[in-house]
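Whatever position you read off the sequence shown (first residue = 1), add 891 for this note's numbering. C-beta: ideal position from N, C-alpha, C; glycine also. To keep things clear, I will list the structure first and then write my remarks on it.
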Amino acid sequence: MNFKSIPSEFEYLSWPEVKNISKEKRSTIIWPFGAVEQHGPHLPLATDSIFVDEIICEVLKLIPSETPIKKLPTQYIGFSPEHKGFDGTISLSSNLITLMIKEVGSQLADMGFKRLVLINAHGGQISLLNTAARELRSIAPKLSVFPCFLWSGVDGLSELLTKKEIENGLHASLAETSLMMALKSDLVGEERPFEEIEKQIPEGWSLEGNAPTAWFTDDLSKSGVIGDSRGSNKELGITLKTLLTNHWYNMINNLMQSDWPK
Ligand SMILES: [Zn+2]
């Protein structure tokens, strides 16, 4: 006889299981967000989606299955207008993504879920998810919403990556190429482009950060890579995978032990 285990994927639960879990005091849904957008000639379109999906699945393996946290299917297609100059990029409008988050989130709140974590791996939609989270909170005030970025707040990155790579959230360069080599090496091509960006930006201005520009990738890059992918290696990727997994395990663990919101 087979005994059913409790899966960590929301969509594999039965409705009575959802009913029981949602009622728990700390019931939480984690919803990964990625993108389907060009990532240079050497990485797949779904790079961000694969990263967030793989890391969150690793994290959930470390969390006891009776913990009331469940993962929604990863949202692969995101908001990527900056990459539209390259084939393969599919982008939804900011209105549609905001509406989707509000509709899904308010239904989860109606079921009784207390917290929703939007964990995102695409740098181009950080502010959009922050705004959507606030809008969702305004229609479902009892649902606590946590819009977060996979690469933010992770200790140890500054020793492994250049300052530029961290500050500008560079695209398809050292960090992303190395991490994909560790996660799915069969999806990584041979090319290792390098695109010098700082010469092109007016002095004092930046891609992200203090004085940003709403850049498009084809302002900066012929290959689609922003930054330097040349030193990418699997060992670095394995270290990044460990850092990201440990960080998000700690964050989720802290959340599951907290009664926030009161
Ligand atoms: Zn990316």
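Local conformation of residue i per DSSP, three classes
{"i": "residue 924", "result": "strand"}
{"i": "residue 1046", "result": "coil"}
{"i": "residue 1154", "result": "There is no way to answer for residue 1154, as the model of the chain reaches only from 892 to 1153."}
{"i": "residue 907", "result": "helix"}
{"i": "residue 864", "result": "What is shown of the chain runs 892 to 1153, which leaves residue 864 out entirely."}
{"i": "residue 1097", "result": "strand"}
Residue range of the beta strand (DSSP E) that includes residue i
{"i": "residue 1011", "result": "1006-1011"}
Start-to-end residues for the alpha helix (DSSP H) that takes in residue i
{"i": "residue 1109", "result": "1108-1111"}
{"i": "residue 1132", "result": "1125-1147"}
{"i": "residue 1057", "result": "1054-1059"}
{"i": "residue 853", "result": "The displayed coordinates of the chain run from 892 to 1153. Any statement about residue 853 would go beyond what the structure contains."}
{"i": "residue 1116", "result": "No alpha helix (DSSP H) holds residue 1116; DSSP gives it neither H nor E."}
Contact with chain B by residue i, beta-carbon distance below 9 Å
{"i": "residue 1090", "result": "Absent from the structure is chain B; it holds one protein chain and no more."}
Integer-rounded CB distance, given that residue j should sit under 8 Å from residue i
{"i": "residue 970", "j": "residue 943", "result": "No, residue 970 and residue 943 are not in contact; Cβ-Cβ is about 15 Å, not under 8 Å."}
{"i": "residue 1082", "j": "residue 974", "result": "Their Cβ separation, rounded to whole angstroms, is 17 Å, which puts residue 1082 and residue 974 out of contact at 8 Å."}
{"i": "residue 938", "j": "residue 1056", "result": "Going by Cβ atoms, the distance from residue 938 to residue 1056 rounds to 15 Å, so no, they are not a contact pair."}
Would you list, in sequence order, the uninterrupted alpha helix (DSSP H) runs of no fewer than 4 residues that lie entirely inside the region 955-1038?
-> 985-1002, 1017-1030
Ranges of the alpha helix (DSSP H) found wholly within the region 927-956, counting only runs of at least 4 | 938-952
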